[in-house]
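**Q** Going by this note's numbering, the sequence shown opens with residue 82, and the numbers climb by one from there. Cβ atoms here follow ideal geometry from the backbone N, Cα and C, with glycine treated the same way.
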Amino acid sequence: MIFGAALLGPECRHGLSGERSSWLLFVVGLELPVPSVSVLPVSSVPEVFDRWSAGERSELIGSEFLDVLASVPDPRDPRGRRYSLMALLAIAVLATAAGMRGYAGFATWAATASDDVLAQLGVRFRRPSEKTFRAVLSRLDPADLNARMGSYFTAHVASSDPSGLVPIALDGKMLRGALRAKATATHLVSVFAYRARLVLGQLAVAEKSNEIPCVRALLTLLPGSLRWLVTVDAMHTQVVTAKLICATLKSHYLMIVKSNQAKILARITALPWAEVPTAATDDSRGHGRVETRTLQIITLHEESASLRKQSSGSLVNA
């Protein structure tokens with residue numbers, strides 16, 4: 082097992098103030114076997130649209146993905162259905178990929194799509210309206226849909242990463258457009274595979290709660306057959322969360338250490354950073370400031386007894 086600590090020291094100049102700040106980052110890693118995963122292809126919507134424009138009539142959406150959409154239970158009475166649930170969901174996916182949002186956006190995309198495109202989805206003659214999308218999609222079980230989509234995307238992400246280690250970020254955001262009068266906006270925590278740019282799962286934060294229980298619940302849903310590199314912000318630098326990642330998932334984590342973990346922050350700060358060379362620097366301009374970031378890394382091997390004595394307890398249990 083290898084323990085490591087890294088110091089990120091940004092020098093920020095906000096206008097002329099010369100304000101400086103710093104924060105700490107550390108990694109705990111495990112040497113793990115690489116699992117074998119079967120390939121599950123997904124079509125790239127923009128690329129397929131380009132091929133359609135050039136006259137190549139290839140699949141608009143991969144058949145495996147359509148099978149996932151077709152497996153979603155339809156809440157409607159079988160009598161009088163004009164459009165299949167699979168077609169409505171596929172249009173919603175394609176419309177979202179094209180930058181459209183909401184039921185009105187789905188209907189607009191359907192109204193302007195070519196006959197050939199809609200024919201692939203089994204939609205002919207009359208196009209689905211905003212009322213249709215609203216009436217059908219609002220009745221679906223979000224948890225069931227999330228589980229089906231998440232399982233499919235997880236399999237795709239695992240098969241597309243040759244390293245066998247899947248990097249993911251867990252973070253919470255207020256749902257855009259979800260605020261209603263005298264109500265709290267929906268707060269979702271999602272698992273985002275940033276190399277593939279896919280959401281593998283998400284949960285809503287309960288009222289009078291925070292993101293921590295949601296992050297732990299999402300971690301328990303990840304398949305143990307894969308190995309993950311989990312990144313979280315400082316709120317989730319917690320003993321229970323770290324043990325869940327390392328002991329249960331047998332995976333890696335990358336955690337930010339700030340003042341909410343004062344003891345470990347002090348121990349990491351006490352490491353001999355003055356003796357550590359700078360591994361990388363980055364300069365950026367934006368938001369009214371110039372920012373220079375430096376990266377220093379300390380790797381604590383078993384033979385580094387003097388350093389390990391200072392930090393191992395905190396790093397393992399953070």
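1. In the DSSP assignment, what residue or residues form a beta bridge with R374?
2. Using C-beta distances below 8 Å, list every residue in its chain close to S125, excluding the 5 sequence neighbours before and after it, in chain order.
3. L467: buried (16+ other C-beta within 10 angstroms of its C-beta) or exposed?
4. For V286 and E356, what's the separation of their Cα atoms in angstroms?
5. Roughly how far, in whole angstroms, is the beta-carbon of L251 from the beta-carbon of V280, given that I think they are within contact range, below 8 Å?
6. Can you check the stretch 275 to 332 for any alpha helix (DSSP H) of at least 4 residues that lies completely inside it and give the ranges in chain order?
7. What does a CB cutoff of less than 6 Å around S271 pick up in its chain, not counting 5 residues either side in sequence?
8. Is it buried or exposed for T308, if we count other Cβ within 10 angstroms and need 16 for buried?
9. Pairing CB atoms from the stretch 185 to 205 with CB atoms from the stretch 154 to 161, are three or more of them under 8 Å?
10. Heavy atom of the ligand NAP less than 7 Å from the Cβ of L269, yes or no?
11. Please report the distance separating the alpha-carbon of D225 from that of S340.
12. Suppose only complete runs of 4+ residues qualify. What are the alpha helix (DSSP H) ranges in the stretch 188 to 270, listed by chain order?
13. Please classify V371 as buried or exposed, where buried requires at least 16 neighbouring CB atoms within 10 angstroms.
14. If we count the other Cβ atoms within 10 Å of its Cβ and call it buried at 16 or more, is S152 buried or exposed?
15. Tell me the rounded alpha-carbon separation between K289 and V204.
16. Count the other CB atoms, across all protein chains shown, that sit within 10 Å of the CB of A168; report buried if there are 16 or more and exposed otherwise.
17. Would you list the one or two residues that DSSP bridges to V272?
18. Return the first residue and the last residue of the alpha helix (DSSP H) that L352 is part of.
19. L310 and L246: beta carbons closer than 8 Å?
20. By the three-class DSSP mapping on this structure, what secondary structure does V109 have?
21. Put V149 into one of helix, strand or coil per three-state DSSP.
22. Does T380 pass the burial test, meaning 16 or more other C-beta atoms within 10 Å, or should it be called exposed?
23. If A171 sits next to L147, beta carbons under 8 Å apart, how far is it from one beta carbon to the other, in whole angstroms?
24. Going straight from the alpha carbon of D222 to that of M336, what length do you get?
25. Taking DSSP's pairing of strands, which residues face I345 in a bridge?
26. Classify P209 as buried or exposed, calling it buried when 16 or more other Cβ atoms lie within 10 Å of its own Cβ.
27. Have a look at E292 and A216 and give me their C-alpha separation to the nearest angstrom.
28. Starting from M167, follow the alpha helix (DSSP H) in both directions and report where the run begins and ends.
29. Got a sec? Which residues, its chain only, sit under 8 Å from T267 by beta carbon, not counting five neighbours each side?
30. Taking the alpha-carbon of P248 as reference, which of G305, R374, Q377, H333 has the nearest alpha-carbon?
31. Kindly indicate which residue of T359, K212, F273, R207 has the alpha-carbon position closest to the one of F187.
**A** In short, the structure shows the following:
1. Beta-bridge pairing links R374 to D363.
2. In this prediction, S125 has a pLDDT of 45, which is less than 50 and means its spatial position is unreliable; what the coordinates show is noted afterwards. Excluding positions up to five away in sequence, the list is empty.
3. The requested residue 467 is not part of the displayed model; the chain covers only 82 to 399.
4. 43 Å
5. The Cβ separation is near 11 Å, so there is no contact.
6. As far as the stretch 275 to 332 is concerned, its whole alpha helix (DSSP H) runs of at least 4 residues are 292 to 302, 320 to 324.
7. V280, Q283
8. Looking at the sequence shown, residue 308 is not Thr but Arg. Counting Cβ neighbours within 10 Å, R308 comes out buried, since at least 16 surround it.
9. no
10. No copy of the ligand NAP appears in this structure; indeed no ligand is present at all.
11. 38 Å
12. 196 to 201, 211 to 218, 223 to 241
13. With fewer than 16 other Cβ atoms from the protein chains shown falling within 10 Å of its own Cβ, V371 counts as exposed.
14. exposed
15. Each residue's alpha carbon lies about 44 Å from the other.
16. Buried, by the Cβ-count rule.
17. Note: V272 is bridge-paired with L251, G282 in the DSSP secondary-structure output.
18. From DSSP, L352 is part of no alpha helix (DSSP H); its letter is neither H nor E.
19. Contact: yes.
20. Note that V109 scores 43 on pLDDT, short of 50, meaning its location in the model is unreliable; the coordinates nonetheless yield the value given after this. V109 falls in the strand class under three-state DSSP.
21. helix
22. exposed
23. 7 Å
24. 33 Å
25. I345 pairs with nothing; no bridge assigned.
26. buried
27. If you take the alpha carbons of E292 and A216, they lie about 31 Å apart.
28. 166 to 178
29. M255, L256, A259, A285
30. For P248, the nearest C-alpha among the options comes from H333.
31. K212
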